[in-house]
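Student:
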Amino acid sequence: MASTLYIQLPPRTVADKLGGWGEQSFSYCLASAEKNILQQGRHAFANLQSLVHQADQTVLLVSASDVNFLQVAVPPMPFAKLKAAIPNLLEEQLLTESADLLFVPSPPVKGQCYVAVVTRSWIEQIFGFGVQLGATKVSAFALSDSLSQHAEIATILIESVPAESQIFEISVRSADQIASGLSIDVPNAAIDQSHTVQQIIAAINILAPQEALQIYVEPSLETALRQVFIAPNDGSRQVQLASLDWKSKIGGVSNRSIDLLAFLSSDGKQSFDWLKWRWSVSMIVFMVMVSLFALNWKWWSLQREANTIRDSIQATYQSAFPKEPASRDPLFQMQQKINAAKKVAGQSSSDDFLVLSAQFAMAWDQLNPAQPASTVTSVEYRERSLFVTPKSMADVRVEQLRPLLKERNLKLEVKDGSLKVFSDVGGM
Numbered sequence: 000m001a002s003t004l005y006i007q008l009p010p011r012t013v014a015d016k017l018g019g020w021g022e023q024s025f026s027y028c029l030a031s032a033e034k035n036i037l038q039q040g041r042h043a044f045a046n047l048q049s050l051v052h053q054a055d056q057t058v059l060l061v062s063a064s065d066v067n068f069l070q071v072a073v074p075p076m077p078f079a080k081l082k083a084a085i086p087n088l089l090e091e092q093l094l095t096e097s098a099d100l101l102f103v104p105s106p107p108v109k110g111q112c113y114v115a116v117v118t119r120s121w122i123e124q125i126f127g128f129g130v131q132l133g134a135t136k137v138s139a140f141a142l143s144d145s146l147s148q149h150a151e152i153a154t155i156l157i158e159s160v161p162a163e164s165q166i167f168e169i170s171v172r173s174a175d176q177i178a179s180g181l182s183i184d185v186p187n188a189a190i191d192q193s194h195t196v197q198q199i200i201a202a203i204n205i206l207a208p209q210e211a212l213q214i215y216v217e218p219s220l221e222t223a224l225r226q227v228f229i230a231p232n233d234g235s236r237q238v239q240l241a242s243l244d245w246k247s248k249i250g251g252v253s254n255r256s257i258d259l260l261a262f263l264s265s266d267g268k269q270s271f272d273w274l275k276w277r278w279s280v281s282m283i284v285f286m287v288m289v290s291l292f293a294l295n296w297k298w299w300s301l302q303r304e305a306n307t308i309r310d311s312i313q314a315t316y317q318s319a320f321p322k323e324p325a326s327r328d329p330l331f332q333m334q335q336k337i338n339a340a341k342k343v344a345g346q347s348s349s350d351d352f353l354v355l356s357a358q359f360a361m362a363w364d365q366l367n368p369a370q371p372a373s374t375v376t377s378v379e380y381r382e383r384s385l386f387v388t389p390k391s392m393a394d395v396r397v398e399q400l401r402p403l404l405k406e407r408n409l410k411l412e413v414k415d416g417s418l419k420v421f422s423d424v425g426g427m
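Just so we're aligned, residue 0 is where the sequence shown starts under numbering that gives the first Met the number 0, counting upward by one.
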């Protein structure tokens, strides 16, 4: 069954004080594809590594206070060009150099685009965290972008952060899909809870003014917030409170959520799970090696057979003509000897003048039955070949004449305006 490991990261201000990733502990949950919680808790870095290998993918939840979401009107352009143009479109809204920030846009809808803006150095540290965990498929979403969304209601998550001082993280996803977050440092939270509640309410009024609210809060603050929101509520603002759990944190994660690692440089990032496919790859490599060995073995066998046949022919020729020097083509040389023997015995060979001329005449008449013989101006015999000079080489249909001669074991070559006809004995 497919599963996803969700790991919640502390705010950057807290993480910098806690030291390296290996020295920290993290809140996590292991969920099914339907987002049913299979396992949850808090583990140190070393224990999370074993969970990463059990899950199909890893999702890192980045603190909402570390990610800003902006909405910008964009002109019609390809998405690849839009990514390069985003820093210029948001230049007036930035307080930091654009080179120090990472911009991750969502696909435009009706000329509007949501852009997640995060400090580049911080997101690179988060990417390094995923690499150290050994995750082969890792993505990162802002916590405010992963909250469950309710129609016409702003979703608010209030959670304390384990640190030296009491820090509360407020993550908001408004009804118009804009996500935001704020970190509140309350030094005397354990002594004066009313002061903590007042600061939280002030932050909520800033992030989600005059909106109906769905608040997920820890049990330690639920009663105090309920007294503030529910008891004196005059009905002008609809507020619902519920206990904070992992389902409320990851309920909004979907393929439309903005992955903060989507456009980060992929140097060192594993895009293919070699460990998962190691047996299949090993089997394919083994099959290729076996096939190459079989092909080479077949070639060696044929090569040995060819050498054996060539040596046999050479030995036969040497036994028949012991005084003749060795030849590169003994079969052709033996054919020459046979032709010479035929001539001595009064028999015609295939390369005699009479045989060549008769065979050529039959092929020529078959090709040009209506033309007179005067179309051939001269016929010469030399070098065991017949040289025929036609009256007009342009009128000779060479490509049609060639197969007719081939039927009679003759070859045809066009050379210096004449036709060279010679016997095809299969040799050089």
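Ideal placement from N, C-alpha and C gives every residue a C-beta, glycine not left out. Small disclaimer: the values here were computed from a predicted structure and weren't measured.
Do you know how far the Cα of residue 288 is from the Cα of residue 243?
Tutor: Rounded to whole angstroms, residue 243 to residue 288 spans 58 Å at the Cα level.
Student: Using the Cα positions of residue 339 and residue 368, report the straight-line distance between them to the nearest angstrom.
Tutor: For residue 339 and residue 368, the distance between alpha carbons rounds to 35 Å.
Student: From residue 103 to residue 114, what distance separates their C-alpha atoms?
Tutor: Rounded to whole angstroms, residue 103 to residue 114 spans 6 Å at the Cα level.
Student: What residues in its chain sit with their C-beta under 7 Å from that of residue 86, if we drop five residues either side in the sequence?
Tutor: So the qualifying residues of the chain are 97 and 102.
Student: Rank 152, 411 and 254 by C-alpha distance to the C-alpha of residue 145 and give the top, closest one.
Tutor: Closest option to residue 145, Cα to Cα, is 254.
Student: Taking C-beta to C-beta, are residue 117 and residue 66 nearer than 7 Å?
Tutor: Yes.
Student: To the nearest angstrom, how far is the alpha carbon of residue 404 from that of residue 412?
Tutor: Cα to Cα, the separation comes out at about 11 Å.
Student: Does the distance from the C-beta atom of residue 155 to that of residue 212 stay below 7 Å?
Tutor: Yes, Cβ-Cβ distance for residue 155 and residue 212 is below 7 Å.
Student: Do residue 359 and residue 400 have their C-beta atoms within less than 7 Å of each other?
Tutor: Going by C-beta atoms, residue 359 is not nearer than 7 Å to residue 400.
Student: So, for residue 423: in the same chain, excluding its five sequence neighbours on each side, which residues have a beta-carbon less than 7 Å away from its beta-carbon?
Tutor: Closer than 7 Å at the Cβ level, and outside the excluded window around residue 423, lie 408, 409 and 410.
Student: Got a sec? Which residues, its chain only, sit under 8 Å from residue 90 by beta carbon, not counting five neighbours each side?
Tutor: Closer than 8 Å at the Cβ level, and outside the excluded window around residue 90, lie 97.
Student: Considering only residues of the region 361 to 412, which uninterrupted alpha helix (DSSP H) runs meet the minimum length of 4 residues and lie entirely inside it, listed in chain order?
Tutor: 397 to 405, all fully within the region 361 to 412.
Student: Quick one: what's got a C-beta closer than 6 Å to residue 514's C-beta in the same chain, skipping five residues either side?
Tutor: The structure shown does not extend to residue 514, since the chain is modelled only from 0 through 427, so no value can be given for it.
Student: Under DSSP, the alpha helix (DSSP H) around residue 66 begins and ends at which residues?
Tutor: Counting along the chain, residue 66 falls outside any alpha helix (DSSP H), though it belongs to the beta strand (DSSP E) covering 66 to 72.
Student: Ignore the nearest five residues each way along the sequence and tell me which others in residue 238's own chain have a CB closer than 6 Å to its CB.
Tutor: Excluding sequence neighbours, residue 238 sits near 212 and 228.
Student: Would you kindly work out how many angstroms separate the C-alpha atoms of residue 53 and residue 136, rounded to a whole number?
Tutor: Straight-line Cα distance between these residues: approximately 12 Å.
Student: Have a look at residue 133 and residue 206 and give me their C-alpha separation to the nearest angstrom.
Tutor: So the alpha carbons of these two residues sit roughly 37 Å apart.
Student: When the distance is taken between beta carbons, is residue 138 closer than 7 Å to residue 55?
Tutor: Taking 7 Å as the Cβ cut-off, residue 55 and residue 138 do not qualify as a contacting pair.
Student: Roughly how many angstroms lie between the CA atoms of residue 336 and residue 365, to the nearest whole one?
Tutor: For residue 336 and residue 365, the distance between alpha carbons rounds to 32 Å.
Student: Could you tell me which of 74, 13, 83 and 19 sits nearest to residue 262, measuring between CA atoms?
Tutor: Per the Cα distances, 83.
Student: Would residue 251 pass as a contact of residue 64 if the rule is Cβ separation under 7 Å?
Tutor: Their beta carbons are not under 7 Å apart, which means residue 251 does not touch residue 64 by this criterion.
Student: Residue range of the alpha helix (DSSP H) that residue 32 falls in?
Tutor: Looking at the DSSP string, residue 32 is not in any alpha helix (DSSP H), and its letter there is neither H nor E.
Student: Our contact map puts residue 141 next to residue 216 with C-beta atoms below 8 Å; I'd like the distance itself, whole angstroms only.
Tutor: Actually they do not touch by this definition, with Cβ atoms about 19 Å apart.
Student: What number of angstroms, rounded off, separates the C-alpha of residue 119 from the C-alpha of residue 259?
Tutor: Those two C-alpha atoms are separated by around 10 Å.
Student: Smallest Cα separation from residue 165: which of 290, 388, 184 and 418?
Tutor: Taking only the C-alpha atoms, the option nearest residue 165 is 184.
Student: Should residue 210 go down as buried or exposed, given a rule of 16 or more other Cβ atoms within 10 Å for buried?
Tutor: Looking at its Cβ environment, which holds 16 or more other Cβ atoms inside 10 Å, residue 210 is buried.
Student: Based on Cα-Cα distance, which residue from 355, 353 and 417 lies nearest to residue 377?
Tutor: Checking every option, the nearest Cα to that of residue 377 belongs to 417.
Student: Which residues mark the beginning and the end of the alpha helix (DSSP H) in which residue 59 is found?
Tutor: No alpha helix (DSSP H) holds residue 59; the beta strand (DSSP E) holding it covers 56 to 61.
Student: Does the beta-carbon distance from residue 26 to residue 41 come in below 7 Å?
Tutor: It is a contact, given that the beta carbons lie within the stated cut-off.
Student: What's the C-alpha gap between residue 43 and residue 23?
Tutor: Roughly 6 Å separates the two Cα atoms.
Student: Among the residues of its own chain, which have a CB less than 6 Å from the CB of residue 6, if the five just before and after it don't count?
Tutor: The answer, listed in chain order, is 25, 27 and 59.
Student: In chain order, what residues of the same chain lie with their CB nearer than 6 Å to the CB of residue 383, ignoring the 5 residues before and after it?
Tutor: The residues are 350.
Student: According to DSSP, residue 214 sits in a beta bridge with which residue or residues?
Tutor: Looking at the DSSP assignment, residue 214 forms a beta bridge with 155 and 240.
Student: Excluding the 5 residues flanking residue 379 on each side, which residues of the same chain have their C-beta closer than 7 Å to its C-beta?
Tutor: For residue 379, where only same-chain residues beyond five positions count, the Cβ hits under 7 Å are 386.
Student: For the candidate residues 256, 173 and 99, whose alpha-carbon lies nearest to that of residue 151?
Tutor: Comparing Cα positions, the closest option is 173.
Student: Please confirm whether residue 112 and residue 73 have their CB atoms less than 7 Å apart.
Tutor: For residue 112 and residue 73, yes; Cβs fall inside 7 Å.
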